[in-house]
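A short write-up of the structure that comes next.
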Amino acid sequence: MNPIVCCQDLQVRQEVHKLGVLILLWRRQLGMTQYQLADKSGLAQSYISDLESGAVDPRWSTIYRVIYGLGEMNIQDFLNGPQTIRSLKIH
Numbered sequence: 001m002n003p004i005v006c007c008q009d010l011q012v013r014q015e016v017h018k019l020g021v022l023i024l025l026w027r028r029q030l031g032m033t034q035y036q037l038a039d040k041s042g043l044a045q046s047y048i049s050d051l052e053s054g055a056v057d058p059r060w061s062t063i064y065r066v067i068y069g070l071g072e073m074n075i076q077d078f079l080n081g082p083q084t085i086r087s088l089k090i091h
C-alpha cells in the first residue's frame, strides 16, 4: 500500500491533521496501542503513526479500515469524536 503523500494545499493539510488527531484521540480513549489498532485494521503500525501525525492523506477505504479497527462504530460516531471531546464541545 502506497500512502498518498499529503498535498501542499493548506486547508487539506489541516483537515488531514484533524483526522489524525481524531484517530489518536479515539485510540487513546479506547485504551489501544498503535500496534493493536494496526493489527485490528490490517495496517502497519508505522502507517497508523503517519495517519495520527497527519503525514499521509488516506483513502476513504483506509479510513473505514481504521474505524472498524477501533470497534463497532459508524463514520458519524467517529467524526463526532469520543465522549470526552463531545463534552468539551458542549461546555
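Its first residue numbered 1, the sequence shown is counted upward by one per residue in the UniProt record's numbering.
The C-beta atom is built at its ideal place from N, Cα and C for all residues, glycine as well.
Point to revise | Endpoints, alpha helix (DSSP H) assigned at Gly69 | key: Within the sequence shown, the letter at position 69 stands for residue 69. Per DSSP, Gly69 belongs to the alpha helix (DSSP H) from 60-70.
Practice item. Would you check if the distance between the CB atom of Gly42 and the CB atom of Arg59 is smaller than 9 Å? Key: In the sequence shown, counting from the first residue as 1, residue 42 sits at position 42. In the sequence shown, counting from the first residue as 1, residue 59 sits at position 59. With a cutoff of 9 Å on beta-carbon distance, Gly42 and Arg59 are scored as not near each other.
Practice item. Tell me, to the nearest whole angstrom, how far the beta carbon of residue 107 is from that of Arg27; I am working on the premise that it is less than 8 Å. Key: Since the first and last residues shown for the chain are 1 and 91, residue 107 lies out of range.
Practice item. Measuring only between beta-carbons, confirm whether Tyr47 sits less than 9 Å from chain D. Key: The structure shown contains no chain D, having only a single protein chain.
Review point. Tell me, which residues are paired with Val16 by DSSP?
Key: One-based indexing of the sequence shown puts residue 16 at position 16. As computed with DSSP, Val16 is found in no beta bridge at all.
Point to revise | Inter-residue Cα distance where the pair is Asp50 and Asp77 | key: Residue 50 sits at position 50 when you count from the first residue of the sequence shown. Residue 77 sits at position 77 when you count from the first residue of the sequence shown. Their backbone Cα atoms lie some 22 Å apart in a straight line.
Review point. Thinking C-beta only, is Pro82 closer than 9 Å to Leu30?
Key: To locate residue 30, count along the sequence shown from 1; it is residue 30. To locate residue 82, count along the sequence shown from 1; it is residue 82. Here Leu30 is near Pro82, since their CB atoms are less than 9 Å apart.
Check your understanding: Would DSSP call Ala44 helix, strand or coil?
Key -> As a first step, residue 44 is located in the sequence shown; it is residue number 44 there, counting from the start. DSSP places Ala44 in coil when its eight states are reduced to three.
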